[in-house]
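Mind the numbering: the sequence shown is residues 2 to 210 in this note's numbering, read in order. The beta carbon of each residue, even a glycine, is placed where N, CA and C say it ideally should be.
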Amino acid sequence: MAETITFYTNPMSRGQIARWMLEEIGQPYEMILLDYDGGMKSADYLAINPMGKVPAIVHAGKVVTECAAICAYLADAFPTANLAPPTDKRADYYRWLFFAAGPVEAAVTNKALGFTVPEGRERMAGYGTFDHAINALESAVSGPAWICGDQFTAADVYVGSQVDWGLSFGTMPSRPAFEAYAVRLRERPAYKRQKELDGALIAKMQKPA
């Protein structure tokens, strides 16, 4: 697939995850910056993502939203980047990609909002408790390399973003396994490019008029 990717984002958003993935695949993309109160709620953008949030990508006439889905889609659309395991070795890949997008995201968000699952209602929450979700996540990144062993994949972009942000903003506890995983992630050239690109955009947006 050689079609250009259109990337809708705001640097102060989860769009950073999608940009990291775009940098990993090494394909050209067109960036469209949207602000929260205007562009994201415009009729044109709501036709792309009715949720009125970023990121979103359009590729080959197809819209993909949700960061985990964007990561998985791009890995499949551009197989030469080698960011997805062979189909018969994707158990850990799918397991932890969707675990981070579901239980971890919910647990971390609820904790940040001050919500605690009432005692005895843990099964209803899906993730049990914050500690249950974090302990499970720790087991996924406790190896010496990546989610799928020696191969870095799109699952590491998404799971790694959760860990990296969690450590940076204090929404996830500092544990040796998390810290070691984050160190490995931050050495990725694509990670560094993403931080440089989005950091420059954030600085420009925050510069006094």
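Cut-off 7 Å between Cβ atoms - residues of its own chain near residue i, not counting five sequence neighbours on either side
i, result
"Thr5", "Pro29, Tyr30, Glu31"
"Ala134", "Pro104, Val105, Ala108, Tyr128"
"Glu123", "Gly129, Thr130"
Counted within 10 angstroms of its Cβ, other Cβ atoms place residue i as buried (16 or more) or exposed
i, result
"Thr154", "buried"
"Met22", "buried"
"Lys208", "exposed"
"Glu24", "buried"
"Val160", "buried"
"Ala44", "exposed"
"Leu186", "buried"
"Asp261", "Residue 261 is absent from the model: the chain starts at 2 and stops at 210."
"Val118", "buried"
"Val1", "In the structure as shown, the chain starts at 2 and stops at 210, and residue 1 therefore has no counterpart that could be examined."
"Gly167", "buried"
"Gly121", "exposed"
"Ala201", "exposed"
"Gly16", "buried"
"Val184", "exposed"
"Met173", "buried"
"Cys101", "This sequence places Ala at residue 101; Cys is not what is there. Ala101 should be labelled buried."
"Phe116", "exposed"
"Lys1", "Because residue 1 is not part of the residues shown, which for the chain are 2 to 210, the question remains open."
Cβ separation of residue i and residue j, assumed to be a contact under 8 Å, to the nearest whole Å
i, j, result
"Ile18", "Ser169", "No, Ile18 and Ser169 are not in contact; Cβ-Cβ is about 13 Å, not under 8 Å."
"Ile49", "Tyr9", "7 Å"
"Arg20", "Asp157", "At roughly 15 Å, the Cβ-Cβ gap does not stay under 8 Å, so Arg20 and Asp157 are not in contact."
"Phe131", "Ala108", "5 Å"
Within 7 Å, strictly: CB atoms of residue i and residue j
i, j, result
"Thr7", "Val65", "no"
"Leu34", "Met41", "no"
"Ile26", "Ala85", "no"
"Ala69", "Leu98", "yes"
"Pro56", "Ile203", "no"
"Ile148", "Asp77", "no"
"Arg96", "Glu139", "no"
Sequence-distant residues of the same chain with beta carbon closer than 8 Å to residue i, five excluded per side
i, result
"Tyr37", "Asn11"
"Lys90", "Cys149"
"Met52", "Thr66"
"Arg194", "Glu24"
Cut-off 6 Å between Cβ atoms - residues of its own chain near residue i, not counting five sequence neighbours on either side
i, result
"Lys112", "Phe131"
"Ile71", "Ala19, Ile58, Val65"
**Message:** If contact is defined by three or more beta carbon pairs under 8 Å, each pair taking one atom from either stretch, is the region 118-137 in contact with the region 185-205?
**Reply:** By the Cβ test, the region 185-205 is not in contact with the region 118-137, since fewer than three Cβ pairs between them sit closer than 8 Å.
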